[in-house]
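With the working numbering as the guide, the letters of the sequence shown map in order to residues 3 to 273.
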Amino acid sequence: MRQWLILILASLILMVQGCEKPVDDRSEAIEKARQNFISGFYVDSEKGFERYLQNNPQGKHRLEAWEYLVKIDSEVRQDTERGASLLEAMYLEFGHKKELAAGLKCKLAQMYVRNGQYKLAVEALEKSLEFPNQPSEQVDSTRTLLAQTFRKLRNYDLAIYTYNDLADTTLNTDTKAQALYEMAHTLTLIQAWERAELELEKMVLMKDMPDNVHAKATFMLADIYEQKHEYTKAVELLEGIIYTYPNPHAVRYKLDYMKKLESKKKRKRIR
């Protein structure tokens, strides 16, 4: 059924290429479809964009028409399966264009993720990364999504590897910080506490770490110290992020709790 739908959609690319007299690409069809979308007349807009694709096999607005159709299905109707089918058809038409191919594959992967089709998403993301001369920001974004998708598949080893590789190669300090944090978080998911502790301790000492990521890493490290009953270390860490952690109430609550445990531990030593 899915393959049949893709074939139907892809036929929009080819249906009228044999016509002797092509429709004028400057017709009002595309503008009317745009206005219908803006006004919320999505059914009329959809019909207009589909008609444009049928009547203008070489039209300069074809990519825009496809994008609107994807938006109508995936965002307005929340039909992400049909949205993925439309993107697959788009890739059939535009995948040969180097400047578009990587972005289209990445958008398709995002749609697969929304559908819970994580293996297909991984395939699309890996294919996207094969295209050369991409902006570094786009590559970082794709690799971040790839690591997230590996984690959704519970393929934690590949998620850790991808986050670590991203942190080592990105030129963006914020991306590096977030990748290191997510790698440490993934390590905690497989209970690799010693390595997670080591990575977090290095993060806490980094000077160029954004405040919000530094605070989250510190809070996570305090959790590990709590598990090891090293309450004094946990208290010292938590006192430093009261004003930078996204949820200061959570820090104060945990800090009070750690102080109580620390006090109880000291009393036991005295006895």
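C-beta: ideal position from N, C-alpha, C; glycine also.
Between residue i and residue j, what straight-line distance do the alpha-carbon atoms span, to the nearest angstrom?
i, j, result
"M205", "L182", "8 Å"
"K109", "V72", "10 Å"
"E184", "I226", "15 Å"
"C21", "K49", "Low local confidence applies: a pLDDT of 44 at C21 is under 50, so the model's placement there is unreliable, with the coordinate-based value given in what follows. Those two C-alpha atoms are separated by around 21 Å."
"D170", "R36", "44 Å"
"A149", "E128", "11 Å"
"V45", "L155", "36 Å"
"Y165", "K267", "38 Å"
"E264", "D176", "34 Å"
"P250", "L207", "21 Å"
"N58", "E52", "10 Å"
"D81", "T144", "23 Å"
"Y163", "A186", "11 Å"
"L89", "L106", "7 Å"
"K275", "T246", "The chain is shown only over 3 to 273; residue 275 falls outside these bounds and no answer can be derived."
"Y255", "K218", "15 Å"
"P24", "I40", "Its pLDDT being 47, under 50, P24 is placed unreliably by the model, and the measurement read from it follows with that caveat. Taking the straight line from one Cα to the other gives about 28 Å."
"P212", "A31", "49 Å"
"A86", "A103", "15 Å"
"K230", "L240", "16 Å"
"Q140", "K262", "47 Å"
"A91", "Q193", "42 Å"
"L131", "N117", "21 Å"
"D210", "Q60", "50 Å"
"A179", "Q119", "28 Å"
"H275", "D167", "Because the chain is modelled from 3 through 273, residue 275 falls outside the range shown and cannot be assessed."
"F221", "N38", "49 Å"
"S138", "D258", "44 Å"
"V124", "N135", "21 Å"
"E101", "F133", "9 Å"
"Q112", "T146", "12 Å"
In three-state DSSP terms, what is residue i?
i, result
"H216", "helix"
"L160", "helix"
"S138", "helix"
"T79", "A small correction: the amino acid at residue 79 is Arg; Thr does not occupy that position in the sequence shown. The answer is coil: DSSP assigns R79 none of H, G, I, E or B."
"Q56", "helix"
"S130", "helix"
"K99", "coil"
"Q112", "helix"
"N117", "coil"
"E30", "coil"
"G61", "coil"
"F43", "coil"
"L155", "coil"
"V25", "Any answer about V25 is weak, because its pLDDT of 45 lies below 50 and its placement is not dependable; what the coordinates show is given next. The answer is coil: DSSP assigns V25 none of H, G, I, E or B."
Examine chain E for any beta-carbon lying closer than 8 Å to the beta-carbon of residue i, and answer yes or no.
i, result
"A181", "The structure shown has no chain E; it contains just one protein chain."
Below 7 Å, is the gap between the Cβ of residue i and the nearest heavy atom of the ligand GDP?
i, result
"T171", "Of ligands this structure carries none, so the ligand GDP is not represented either."
Report task. Please determine if the stretch 62-77 and the stretch 95-107 are in contact, where contact requires at least 3 C-beta pairs separated by less than 8 Å. Result -> In short, these stretches touch, since the Cβ pair count reaches three.
Query raised in the report: Along the chain, which unbroken stretches of the alpha helix (DSSP H) at least 4 residues long are found entirely within the stretch 168-255?
Result: Within the stretch 168-255, the complete alpha helix (DSSP H) segments of 4 residues or longer fall at 175-191, 195-207, 213-229 and 233-241, listed in chain order.
Requested in this report: Take every Cβ of the stretch 188-202, pair it with every Cβ of the stretch 235-242, and state whether three or more of those distances are shorter than 8 Å.
Outcome: Contact fails: fewer than three Cβ-Cβ distances are below 8 Å.
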